[in-house]
Every structure is written in structure tokens, then in C-alpha cells.
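Numbering (the working numbering), first residue to last: 111 to 319.
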């Protein structure tokens, strides 16, 4: 008679007999690498104002005068490309460009054409303007002074737009030794500057006793 109370032993398989994928699949799980922290992007506007001004000075200010073309030439005065970058760069750089450069024209018609191109606020920024480069001998000093006075008065009235400062205008003169140099208008003994309306001014002969 068969003994029904025999305990059946479970049919366990050794570990080595288990399918390989049970272990190998765990090793193949992709490992997510931590992303490096993103550095915030920097722009020109993030630079300190002092550094931006240094860049403007290095880029826009010339050691020699900016020589403007003759009135009969097809070439026109053009601002540097940096001033067209965007509105806030232009606002920051315009005072440096017009206030720190020397603008020199070869003749009165050239000076008229230059000023007519500019907005009044840019004319007002000019700190050193040489509208006439002709200088005559001392023997014709009076005639030269009279022509200079007439040319400058027409320039201020017709093209200065009430914005050209008399302090900005420099003209060539000869000293007693015959040497030529650039001189401010108020340093010329024969002239006096007479203020006018709406920012205009004129040059008159100084009365001598």
C-alpha cells in the first residue's frame, strides 16, 4: 500500500541555473548623469558702466581730428557703425563720440553741410569744432578777421540750429611770432561774442578806445 504521507520536496533550481537576464538586465539599466549647472549668459549690458565707457572711448575716440569731406564731394559724414547697434548703446555712446572728438572741415560750405546733417542735440554735444582751416598772413589780418566773422555768423544763423556752442568753435590764427595755432573765439582780442535768441549768437568787432 502506498504511503500518502510522504512529503514532497520542492524542486528548487540552483542559482546558477536561473536565466542570465535576471542579473544582467539589472547591470544594463542606464545611469542618469547629473546635468552641470547652467551658467547665466552675459551680455554687453551686464558689463559695468565704467568698462563700457572704456570700450566706447577705445572704439569711437580718435587721436587725430575727424576730417570731413568738401561740400562738392559725393561722400558724406557717417557715424561709426557702433552707434547703430541698438538704441541704448547709441544713447550711451553719442556723448562720447561727439564730445571727445575734434571735427574739422576744410571750408565753410563743408561746415554747413556737416551741421545740416546733424540733429540739434548732437550739435550741442560737439566740444571742439574747426569749421575753417584757412589761415592768412599777418599782413592781411584785418581782412581775414572780417571774412572769418562773416562766415561764422552765417554758419550759426543758417546751420547751427540754435545748438552750436561758441565755446566749441576753434579757428586758426597766427601769433606775434608768425606761428599758427587753433584758438577759441573768446581768445581773439578783436572779437566779442554777442548772445542772441533761441541759442544763437554772433561775432561783433570789439570796440577799442
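Ideal Cβ placement from N, Cα and C applies to all residues, glycine included. None of the values given here were measured: they were computed from a predicted structure.
What does the alpha-carbon distance come out to for the pair residue 176 and residue 153?
Within the chain shown, the letter at position 66 stands for residue 176. Within the chain shown, the letter at position 43 stands for residue 153. The alpha-carbon atoms of residue 176 and residue 153 are separated by roughly 30 angstroms.
Taking the alpha-carbon positions, what's the residue 186 to residue 219 distance?
On the chain shown, position 76 is the one that residue 186 refers to. On the chain shown, position 109 is the one that residue 219 refers to. Spanning the two alpha carbons is a distance of roughly 13 angstroms.
So what does DSSP say about residue 195, is it helix, strand or coil?
Along the chain shown, one-based indexing puts residue 195 at 85. Residue state, collapsed to three classes: coil.
Excluding sequence positions up to five away, which residues of its chain have a Cβ less than 7 angstroms from the Cβ of residue 216?
The count along the chain shown starts at 1 and reaches residue 216 at position 106. Contacts found: 180 and 243.
Beta-carbon proximity list for residue 225, same chain, < 8 angstroms, skipping 5 on both sides
Your numbering for residue 225 matches position 115 in the chain shown. Counting only Cβ-Cβ distances below 8 angstroms, and skipping sequence neighbours, we find 233, 265, 269, 270, 271 and 274.
If I'm right that residue 302 touches residue 316 with Cβ under 8 angstroms, what's the distance once you round it to whole angstroms?
One-based indexing of the chain shown puts residue 302 at position 192. One-based indexing of the chain shown puts residue 316 at position 206. That pair is a contact at about 5 angstroms.
With DSSP as the reference, please indicate the residues paired to residue 302 in a beta bridge.
The residue you call residue 302 lines up with position 192 of the chain shown. Looking at the DSSP assignment, residue 302 forms a beta bridge with 314.
Quick check: is any heavy atom of the ligand SAM less than 7 angstroms from the C-beta of residue 169?
No copy of the ligand SAM occurs in the structure displayed, which carries no ligand at all.
Can you check whether the CB of residue 313 is closer than 8 angstroms to the CB of residue 259?
Taking the first residue of the chain shown as 1, we reach residue 259 at position 149. Taking the first residue of the chain shown as 1, we reach residue 313 at position 203. Against a cut-off of 8 angstroms, the Cβ pair of residue 313 and residue 259 comes out as a contact.
Using only alpha-carbon positions, find the residue among 144, 276, 300 and 281 that is nearest to residue 310.
For this step, residue 310 is matched to residue 200 along the chain shown. Checked all of 144, 276, 300 and 281; the closest Cα to residue 310 is 276.
Buried or exposed (CB count within 10 angstroms, at least 16 for buried), residue 255
Your numbering for residue 255 matches position 145 in the chain shown. So residue 255 counts as buried.
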